[in-house]
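So the structure is just underneath, and the comments pick up after that.
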Amino acid sequence: MIKRISTFLYLRPKLVLLLLLGLPMLWMLVLYLSPLGTLLINSLYHLDGFTGKIVRQVSLETYAQLLEPANREILMRTVSMAIVVTLADAMLAFPLGFYMARFATTRMKTFLYLAITLPLWSSYLVRVYSWKLILAREGILTWFVTLMHLNPVLDWVLKQPTIGGPSLSLSQIGIGIVFTYVWLPYMILPIQTALERVPKSLLEASGDLGARPGKTFWKIILPLSFPGVIAGSIFTFSLTMGDFIVPLSLGNSSYYIGQAVLAHQGTSGNIPLAAAFTMGPIVIMIIYLFMAKRLGAFDAL
Amino acid sequence: MSEKDAIIFKDVCRFFGDVKAVDKVSMEVKDGEFFSMLGPSGSGKTTCLRLIAGFDRPTSGQIQLYGQDVSNLPPYERDVNTVFQDYALFPHMTVGENIGYGPMVRKVPKAEWKKKAEEMLELVRLPGLADRKPSQLSGGQRQRVALARALINQPRVLLLDEPLGALDLKLRQQMQIELKALQKRVGITFIYVTHDQEEALTMSDRLAVFNQGKIEQLGSPAEIYEHSATPFVAGFVGISNLVKGEVAERITGLHRMFSIRPEKITLAKANQQVSGDQFSVDGTVRDVIYLGLYTRYLVELDDGGDLVVVAQNLQTTSMDVFSRRDQKVRLVWMRGSISYLEE
Numbered sequence: 008m009i010k011r012i013s014t015f016l017y018l019r020p021k022l023v024l025l026l027l028l029g030l031p032m033l034w035m036l037v038l039y040l041s042p043l044g045t046l047l048i049n050s051l052y053h054l055d056g057f058t059g060k061i062v063r064q065v066s067l068e069t070y071a072q073l074l075e076p077a078n079r080e081i082l083m084r085t086v087s088m089a090i091v092v093t094l095a096d097a098m099l100a101f102p103l104g105f106y107m108a109r110f111a112t113t114r115m116k117t118f119l120y121l122a123i124t125l126p127l128w129s130s131y132l133v134r135v136y137s138w139k140l141i142l143a144r145e146g147i148l149t150w151f152v153t154l155m156h157l158n159p160v161l162d163w164v165l166k167q168p169t170i171g172g173p174s175l176s177l178s179q180i181g182i183g184i185v186f187t188y189v190w191l192p193y194m195i196l197p198i199q200t201a202l203e204r205v206p207k208s209l210l211e212a213s214g215d216l217g218a219r220p221g222k223t224f225w226k227i228i229l230p231l232s233f234p235g236v237i238a239g240s241i242f243t244f245s246l247t248m249g250d251f252i253v254p255l256s257l258g259n260s261s262y263y264i265g266q267a268v269l270a271h272q273g274t275s276g277n278i279p280l281a282a283a284f285t286m287g288p289i290v291i292m293i294i295y296l297f298m299a300k301r302l303g304a305f306d307a308l
Numbered sequence: 017m018s019e020k021d022a023i024i025f026k027d028v029c030r031f032f033g034d035v036k037a038v039d040k041v042s043m044e045v046k047d048g049e050f051f052s053m054l055g056p057s058g059s060g061k062t063t064c065l066r067l068i069a070g071f072d073r074p075t076s077g078q079i080q081l082y083g084q085d086v087s088n089l090p091p092y093e094r095d096v097n098t099v100f101q102d103y104a105l106f107p108h109m110t111v112g113e114n115i116g117y118g119p120m121v122r123k124v125p126k127a128e129w130k131k132k133a134e135e136m137l138e139l140v141r142l143p144g145l146a147d148r149k150p151s152q153l154s155g156g157q158r159q160r161v162a163l164a165r166a167l168i169n170q171p172r173v174l175l176l177d178e179p180l181g182a183l184d185l186k187l188r189q190q191m192q193i194e195l196k197a198l199q200k201r202v203g204i205t206f207i208y209v210t211h212d213q214e215e216a217l218t219m220s221d222r223l224a225v226f227n228q229g230k231i232e233q234l235g236s237p238a239e240i241y242e243h244s245a246t247p248f249v250a251g252f253v254g255i256s257n258l259v260k261g262e263v264a265e266r267i268t269g270l271h272r273m274f275s276i277r278p279e280k281i282t283l284a285k286a287n288q289q290v291s292g293d294q295f296s297v298d299g300t301v302r303d304v305i306y307l308g309l310y311t312r313y314l315v316e317l318d319d320g321g322d323l324v325v326v327a328q329n330l331q332t333t334s335m336d337v338f339s340r341r342d343q344k345v346r347l348v349w350m351r352g353s354i355s356y357l358e359e
């Protein structure tokens, strides 16, 4: 019986493909792509200012609202934060990834893999709240700064406009630190994979031809592992843009896209504006992915 | 010392934990010679090459390059260049950029190194390929690009790590001749690592046979082939018959192990007269392998043991050679063609 079924399927490869992909395709279509479509349509409706009702007519009115100074500021803030977090993560991840790919023993590598992924096992919310405590004025970080007699430095940093605030946990710097921390594993792993794929002989060849280690890094290591950096940055960039928990828990009252979406679709009932806000990161990500593809980022995935 | 030494190894050791990859190796490579390091994998030949290039440092001992102690110099401060086994071409650069990499990192102006790279491409007979990517080249072409890249800095010594290993037989034989010709033309010292004894014999001025981290024998190809010093060399370089113990004593009158090359032995009739400058031994042909150009016979000796004999098929046909199976024969060879071995 089983033999007959397998022969039947062996002769019909297209049927096998359909059986394998049917369910996931259905899932993608119904639960993934159709809400995205609905989102796009909703962003083209707009809210009537007097009645508070949604006008179901296609127009670009909501997108015009998106470009009002207050909303534009939210978009700019979020995108800038995403860029800063991505750069910080890349700079932190590269040395560690390089160490793991080139020098670490198998045991050390296993340990580091575990250490990097272990935080992902615990709740993201718990980790964000822990950071709130770490960064608070009475928290361990301030205590440490006092111990090192570096309070003037911390105070000076917190006095800066835009990025500063009453304490680290209530400032944009704090948000940046926590974002950088929570997305770091997503940057380390692709970079490490990309570095591991660079044959050792290429680095030796570079040195052999007269390049000092710094030159070898800029000319060989970085270009060849850059796809990994791009792949990691796709994670850090998009995750930062979509997040609302970190700026909600830390920081001051300056909104991020995620918070704006939450507020508009909830309390104010402005579903079209919430949808338009959501389209922002999607469009930015599509442009970014397109650029990344041209740089060959997906060869390393 | 009339000739300058390009490289001197003084009691060089390289240990990896308990593994003695290179174990007290001392040797001199003369300026301008084609020097091969031959041995099976794990014999220490590649480690020696890496020590010269500077990718690795000796555990103890000293390496000199034209009189300068380079034991602890990084690769980028040594006047040697390497052709890697896997070519190690930079995949994100064009062929021209690959070849020009040496001058480029030494801050030579772009126009200048580009022109030089073109010249190098002509030297290795690949003109006009500067704008291709390495992935668009065939194995043989990549090989030449790797060679051009290593030669552009005009190093005093060129190191080649089994550079022909990945090529097919025809191309390999062609490249052997080309490499040798190139070496004569550029006149620099070549140090060539290979496990292919035929390649080493064909190309080298001198060669060192490595085994278990030590040099077994160092000399010209003819010396190594005709007067192998150890059983290992006799067995690794070409095919050899090793004869020892009582059988050896009955043939030569000496209780010493010796080796005899299969092609030096003549297959004669059982009652053949033997002159004073010859050795002989009697046996029976047990196996005949016809190989076109020559035939290989396995002869079982009456005193025990067996010898391989190779004879060219000059007048004989395949019918003749097969008719020799199970015949009684006398094996005869010149006394001078045996090598007594150190046991």
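Residue numbers (the working numbering), protein chains in the order written: chain L, 8 to 308; chain A, 17 to 359.
Every residue, glycine too, gets a C-beta built ideally from N, C-alpha and C.
- The continuous stretches of beta strand (DSSP E) do not include F151 of chain L, which lies in the alpha helix (DSSP H) extending over residues I147 to L154.
- A224 of chain A has A:M53 and A:L234 as its beta-bridge partners, per DSSP.
- Judged by pairs of C-beta atoms under 8 Å, the segment 40–51 of chain A touches the segment 220–228 of chain A, as three or more such pairs exist.
- Taking a contact as a CB-CB distance under 8 Å, the pair T210 of chain A and L357 of chain A does not count as one, their CB atoms being some 23 Å apart.
- Residues of chain A with a Cβ closer than 7 Å to the Cβ of P230 of chain L are, in chain order, H108.
- Contact with chain A is absent for L125 of chain L, since none of that chain's Cβ atoms lies less than 8 Å from the residue's Cβ.
- By the 16-neighbour rule on beta-carbons within 10 angstroms, N158 of chain L is exposed.
- In this structure, the straight-line span from the alpha carbon of T268 of chain A to that of F295 of chain A is close to 7 Å.
- DSSP places Q331 of chain A outside any alpha helix (DSSP H), giving it a letter other than H or E.
- For F32 of chain A, the enclosing beta strand (DSSP E) has its first and last residue at D21 to F32.
- Contact between A22 of chain A and R172 of chain A is confirmed by a C-beta separation of about 7 Å, below the 8 Å threshold.
- Distance from the CA atom of F105 of chain L to the CA atom of L30 of chain L, rounded to whole angstroms, is 40 Å.
- M43 of chain A is a Cβ neighbour of F25 of chain A, given a cutoff of 8 Å.
- Considering only L:S240, L:G171, L:L196 and L:H53, the residue with the shortest C-alpha distance to K116 of chain L is L:L196.
- Shortest Cα-Cα distance from V268 of chain L to any of L:S66, L:S260, L:L280 and L:W225 involves L:L280.
- Look at I293 of chain L: its C-beta is not under 8 Å from any C-beta on chain A.
- In this structure, V345 of chain A lies near V301 of chain A, with their beta-carbon atoms less than 8 Å apart.
- At a cut-off of 8 Å between beta-carbon atoms, N169 of chain A makes contact with chain L.
- A:Q170 is the residue among A:M350, A:V111, A:Q170 and A:D212 whose C-alpha sits nearest the C-alpha of G203 of chain A.
- At the C-beta level, P278 of chain A and V348 of chain A stay beyond 8 Å of one another.
- Of the candidates A:H243, A:G229 and A:Q228, the residue whose Cα lies closest to the Cα of G235 of chain A is A:H243.
- For R165 of chain A, the chain L residues whose Cβ falls inside 9 Å of its Cβ are A212 and L216, in order along the chain.
- Taking C-beta separations shorter than 7 Å and ignoring five residues to either side along the sequence, the partners of V263 of chain A in its chain run L317, D319, G320 and G321, following chain order.
- Scanning its chain for C-beta atoms nearer than 7 Å, with the 5 sequence neighbours on each side dropped, one finds around I227 of chain L the residues L209, L210 and S213, in chain order.
- Taking 8 Å as the cut-off between beta carbons, the residues of the segment 193–207 of chain L near chain A are P206, in sequence order.
- In this structure, the alpha-carbon of K200 of chain A lies about 10 Å from that of F206 of chain A.
- Among the residues facing chain A, I237 of chain L is not included, as its CB has no counterpart in that chain under 8 Å away.
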